[in-house]
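So the sequences go chain by chain: A and B.
For the first sequence, this note's numbering gives the first residue as 640, with consecutive numbering after it.
For the second sequence, this note's numbering gives the first residue as 640, with consecutive numbering after it.
Here a beta-carbon is modelled for each residue, glycine too, at the ideal position from N, C-alpha and C.
The structure presented is a predicted model; accordingly, all values stated were derived computationally and were not measured.
Number of protein chains: 2
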Amino acid sequence: MRMNEGVEWAVHSCLNLAWLGEDRAVPAARLAAFYELPAAYLNKQLQALTRAGILTSVPGPKGGFRLARPIAKITLMDVVAAIDGEEEAFRCTEIRFRGGSGGGRTPANPKPCTVASGFRKAEMAWRRELAARTLADITSEVERTNPGAPDRVRRWFDDNR
Amino acid sequence: MRMNEGVEWAVHSCLNLAWLGEDRAVPAARLAAFYELPAAYLNKQLQALTRAGILTSVPGPKGGFRLARPIAKITLMDVVAAIDGEEEAFRCTEIRFRGGSGGGRTPANPKPCTVASGFRKAEMAWRRELAARTLADITSEVERTNPGAPDRVRRWFDDNR
Chain A
640 MRMNEGVEWA VHSCLNLAWL GEDRAVPAAR LAAFYELPAA YLNKQLQALT RAGILTSVPG
700 PKGGFRLARP IAKITLMDVV AAIDGEEEAF RCTEIRFRGG SGGGRTPANP KPCTVASGFR
760 KAEMAWRREL AARTLADITS EVERTNPGAP DRVRRWFDDN R
Chain B
640 MRMNEGVEWA VHSCLNLAWL GEDRAVPAAR LAAFYELPAA YLNKQLQALT RAGILTSVPG
700 PKGGFRLARP IAKITLMDVV AAIDGEEEAF RCTEIRFRGG SGGGRTPANP KPCTVASGFR
760 KAEMAWRREL AARTLADITS EVERTNPGAP DRVRRWFDDN R
């Protein structure tokens, strides 16, 4: 089970936009070039972040993408939901009502499947952790462990407009 | 992000084997017919469970699959690992060292990526929950909420040998 690889790209691109300042719009091609990513594919992820209200798309010659809200209000869960979707990893297809067990009759108001409930509980734990981690938590930790990172980002984007 | 659908089939098939008694081997075709599943595909999942030490494959005309250990010693995590693999859902490709940021140089002993650490923490919470849920927990709960289920299973497999 693999998450869309665009999740990694999207999170790192949002961090870069945060370090560049919330008013600065950056074209998808520049955000992609910073990590040598395929621009068209990253653009698709940035559009998805825009639809989810995480980024704003600024039109025009000085346009591009910028953060739509403070990174303290953006969680890893928000980015995963925008890029990878909100469906649950375990999908219960109610096989318990097929064939020999249920005779093909699905009851009108079935009790929740005990198997599915076990998977749901685990998935909720995963989502709770992702929702508890904001991008601001991440920038704070990066700034502590790798204090030169924000300046390197700003310098590169200033030099490669 | 979706888990392999075989996980649902595998868990339910293990529960059925538990209700049929630990000494009874059941052919893949019978386990599949109970839920009207494609037998060849279920057989593939049962083989994976066998490689993982969850089932034992019994050869011969009275052969089939049976549980290799008590269901109190089989967790949802064991089944997921056997069927869906053990790789992490979020794969860090270290884009932080590519292009503008790292100049393409990956340090010899890089600090863990803060982004990847956030995802890993969430994934560990998910795995902990799955590892805390045994198939014996599930049969106990099913026997409480749906007390007729084990007998229906035994009757069907007795009638459809």
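Stretch-stretch touch, CB-based, cutoff 8 angstroms, three pairs: the stretch 663-682 of chain B with the stretch 696-716 of chain B: With a cut-off of 8 angstroms on Cβ pairs, the stretch 663-682 of chain B is in contact with the stretch 696-716 of chain B, counting three or more such pairs.
Neighbour-count burial assignment, residue 797/A, 16 or more Cβ in a 10 Å radius: exposed
Contact set between residue 676/B and chain A, taken where Cβ atoms lie within less than 9 angstroms: 734, 737, 738
Min CB distance residue 683/B to chain A below 9 angstroms: no
Residues near residue 689/A in its chain [Cβ-Cβ closer than 8 angstroms; skip 5 each side]: Here the set comprises 695, 696, 704, 707.
Reduced DSSP secondary structure (H/G/I, E/B, other) of residue 688/B: helix
According to DSSP, residues forming a beta bridge with residue 773/A: Note: residue 773/A sits in a beta bridge opposite 714/A.
Proximity of residue 752/A and residue 735/A at Cβ, strictly below 9 angstroms: In terms of Cβ geometry, residue 752/A and residue 735/A form a close pair [threshold 9 angstroms].
Local Cβ density within 10 Å of residue 724/A, reported as buried at 16 or more and exposed below that: exposed
Rounded C-alpha distance that separates residue 654/B from residue 726/A: 26 angstroms
Residue 765/A versus residue 675/A - alpha carbon distance: Their Cα atoms are separated by approximately 30 angstroms.
CB-CB length for residue 693/A against residue 719/A, believed under 8 angstroms: Not quite, the Cβ-Cβ distance comes to about 11 angstroms (not below 8 angstroms), so this is no contact.
Straight-line gap, residue 773/B to residue 646/B (C-alpha atoms, nearest Å): 14 angstroms
Cα-Cα separation, residue 777/A to residue 715/A: 10 angstroms
DSSP-derived helix/strand/coil call for residue 732/B: Residue state, collapsed to three classes: coil.
Cβ distance (whole Å) where residue 710/A is taken to contact residue 775/A below 8 angstroms: 5 angstroms
DSSP three-state assignment for residue 699/B, whether helix, strand or coil: coil
Top-ranked residue by Cα proximity to residue 769/B, from 760/A, 713/A, 771/A: The shortest Cα separation from residue 769/B among 760/A, 713/A, 771/A belongs to 760/A.
Distance, residue 651/B Cα to residue 698/A Cα: C-alpha separation (whole angstroms): 53 angstroms.
Beta-carbon neighbours of residue 688/B, restricted to chain A and to distances below 8 angstroms: Within chain A, no residue comes near residue 688/B; the closest Cβ sits about 15 angstroms away, beyond 8 angstroms.
Minimum C-alpha distance to residue 672/B - residue among 658/B, 691/B, 648/B: 648/B
Residues of its chain near residue 731/B, where Cβ-Cβ distance is below 8 angstroms and the 5 sequence neighbours each way are ignored: 752, 754, 755, 758
Short-range partners of chain A found in the stretch 698-716 of chain B, where Cβ spacing is below 8 angstroms: 715
Members of the stretch 656-672 of chain A near chain B, C-beta cut-off 7 angstroms: Correct list: 672.
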